[in-house]
Amino acid sequence: MSEVRQNLATREWVIIAPTRSKKPKSLNVNIDKIRASEKLYDSSCPFCPGNEETSPVEEKFRIDGPQRDWKVRVINNKFKIFSADLCSLKPEPFLTEGIYKKLNGCGEHELIIETPQHNKVIIDMNPEEVKDVIRAFMHRYKTFEKNTGNLITLIFKNYGAMAGQTQIHSHTQVVNSRIVPSYIRLLLNQAQEYFDDNGICVFCDMLNYELKDGKRLIYENEDYAAFVPYAAGTEHETWIMPRYHSAGLDSLKDERIDRLANILCAVFRKFYAAIKDPDFNFVIRNAPYPLVGVPFYHWHIQLLPRMKIVGGFERGTRIPVNTIYPEESARLLREYQI
């Protein structure tokens, strides 16, 4: 049972989820060891094919292979942040406790098992395999759009121990939430102000400038571009942005799925070869569902390498400290030829 409480001073939301402390942990997840392993199957892994009964959670979606075996599988997270069991049929007002506001942990928390192979990681997947993962992203995004009680879907991946990965078998997480995170609210507010002042989407403006300037550009194809942001908050932070305007990851045509898989594979390989396969977080930044058609927001993917332990200054001020100029970071990644 989870609960969401609001910090009265900042209006930020905090999730209290005791169930998360009970999840099993494969401590010190080491990507190099996973890749070097010859284990295609692990009898103790709840995500490997044939072990479904060891972790009896509901299957929500699958992409089948040619022999009716699965290629990608979506299941409920046993150790979830939010639960659909806590949702009512219609939205309810916030609860109160004295001067404070709270609400129950209504939502969904799923896992996308990206491959049946125990020892395959995302950087080793070919574009065809990544396309199936993208199709699973889109299916869950569109499925949750029908749930009027929740506002936003967050799709994210923890790659490596420093990024928070605790299970070896490669997977992505999907969280559907009634609350819109403060960071997304800030992005939306700033983007709307920029649009009102300039008449253009700020993300389109940034992308057009980066494509023209080229100093921070890493890779591009017909539909997408990858670049290190001018004010990157962490070493080798990379954004992947569609060159067409869209506020949400909704219905992508096959050719756009192909090109998104192409650029993801390219950036993953550049990370592996140019900056020694860092642990990283992968986050898809969608607009909340009620705003998917707005002209001022632009969905994008953030790749956030975890190169160091965050210290007291960063935590105390919430001001990131980046130890490499974004232009140098982009040069390292751009110059590695895939």
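Offset between the sequence shown (1-based) and my numbering: plus 23.
Note that CB positions come from ideal geometry on N, CA and C, so glycine has one too.
Pairwise C-alpha distance: residue 281 and residue 244: The count along the sequence shown starts at 1 and reaches residue 244 at position 221. The count along the sequence shown starts at 1 and reaches residue 281 at position 258. One C-alpha to the other measures close to 11 Å.
Please state the DSSP three-state secondary structure of residue 265. Start at 1 with the first residue of the sequence shown, and residue 265 comes out as number 242. Note: residue 265 maps to strand in three-state DSSP.
For residue 164, would you say it is in contact with chain C, using Cβ-to-Cβ distances shorter than 8 Å as the test? Included in the structure is just one protein chain, with no chain C present.
Between the region 202-215 and the region 138-153, do three or more beta carbon pairs fall short of 8 Å? no
Looking at C-beta atoms only, is the number of pairs between the region 97-112 and the region 132-141 that lie closer than 8 Å three or more? A contact exists between the region 97-112 and the region 132-141.
Mark residue 357 as exposed unless 16 or more other C-beta atoms lie within 10 angstroms of its C-beta, in which case mark it buried. By 1-based counting over the sequence shown, the position of residue 357 is 334. Buried, because 16 or more other Cβ atoms sit within 10 Å of the Cβ of residue 357.
For the alpha helix (DSSP H) that contains residue 154, what are its first and last residues? Start at 1 with the first residue of the sequence shown, and residue 154 comes out as number 131. From DSSP, the alpha helix (DSSP H) with residue 154 extends over 150-168.
Could you pull out every residue in the same chain whose Cβ sits closer than 6 Å to the Cβ of residue 319, ignoring the five residues on either side in sequence? As a working mapping, residue 319 is identified with position 296 in the sequence shown. The answer, listed in chain order, is 214, 215, 218, 224.
Using a Cβ distance threshold of 8 Å, determine whether the region 174-190 contacts the region 288-308, with at least three qualifying pairs required. yes
Please go through the region 122-147 and give each complete beta strand (DSSP E) segment of 3 or more residues, from N-terminal end onward. 123-127, 130-136
Determine the contact status of residue 303 and residue 206, defining contact as a CB-CB distance below 8 Å. Residue 303 sits at position 280 when you count from the first residue of the sequence shown. Residue 206 sits at position 183 when you count from the first residue of the sequence shown. Cβ distance not < 8 Å, so residue 303 and residue 206 don't count as in contact.
Of all the options 334, 269, 263, 278, which has the alpha carbon lying nearest to the alpha carbon of residue 326? By one-based count along the sequence shown, residue 326 stands at place 303. For the residues 334, 269, 263, 278, the minimum Cα distance to residue 326 belongs to 263.
For residue 350, the nearest candidate out of 82, 115, 251, 191 (CA to CA): As a position in the sequence shown, residue 350 is number 327, starting the count at 1. Comparing Cα-Cα distances from residue 350 to each of 82, 115, 251, 191, the minimum goes to 251.
Quick check on residue 90: does DSSP put it in helix, strand or coil? Here residue 90 refers to the residue found at position 67 of the sequence shown. Coil.
Residue nearest to residue 301 in terms of C-alpha spacing, selected from 127, 260, 39: For this step, residue 301 is matched to residue 278 along the sequence shown. Among 127, 260, 39, the Cα nearest to that of residue 301 is on 260.
In three-state terms, what does DSSP make of residue 64? Translated into the one-based positions of the sequence shown, residue 64 becomes position 41. Three-state result, residue 64: coil.
Can you tell me where the alpha helix (DSSP H) holding residue 290 begins and where it ends? To locate residue 290, count along the sequence shown from 1; it is residue 267. Here the alpha helix (DSSP H) through residue 290 covers 277-297.
Nearest residue (CA-CA) to residue 141, options 87, 95, 330, 41: Numbered from its first residue, the sequence shown carries residue 141 at position 118. Of the candidates 87, 95, 330, 41, the one whose C-alpha sits nearest the C-alpha of residue 141 is 95.
Report the rounded CA-to-CA distance for residue 247 versus residue 68, giving the unit in angstroms. In the sequence shown, counting from the first residue as 1, residue 247 sits at position 224. In the sequence shown, counting from the first residue as 1, residue 68 sits at position 45. Each residue's Cα considered, the two are about 35 Å apart.
Looking only at C-alpha atoms, which of 164, 146, 35, 269 sits nearest to residue 227? Position 204 of the sequence shown, counted from the start, is the residue given in the question as residue 227. Closest in C-alpha terms to residue 227, from the list 164, 146, 35, 269, comes 269.
Residue 53, DSSP secondary structure in three states: If you number the sequence shown from 1, residue 53 lands on position 30. Residue state, collapsed to three classes: coil.
Following the continuous beta strand (DSSP E) through residue 248, name the residue where it begins and the one where it ends. Along the sequence shown, one-based indexing puts residue 248 at 225. Taken as a continuous stretch (DSSP letters only), the beta strand (DSSP E) holding residue 248 covers 247-250.
Rounding to the nearest angstrom, what Cα-Cα distance links residue 329 and residue 241 in this structure? On the sequence shown, residue 329 is found 306 positions in, with the first residue counted as 1. On the sequence shown, residue 241 is found 218 positions in, with the first residue counted as 1. Taking the straight line joining both Cα atoms gives about 19 Å.
Tell me the residue span of the alpha helix (DSSP H) that contains residue 272. Taking the sequence shown and counting its residues from 1, the one referred to as residue 272 is at position 249. From DSSP, residue 272 is part of no alpha helix (DSSP H); its letter is neither H nor E.
How is the alpha helix (DSSP H) around residue 352 delimited, first residue to last? Your numbering for residue 352 matches position 329 in the sequence shown. Note, residue 352: alpha helix (DSSP H), 349-358.
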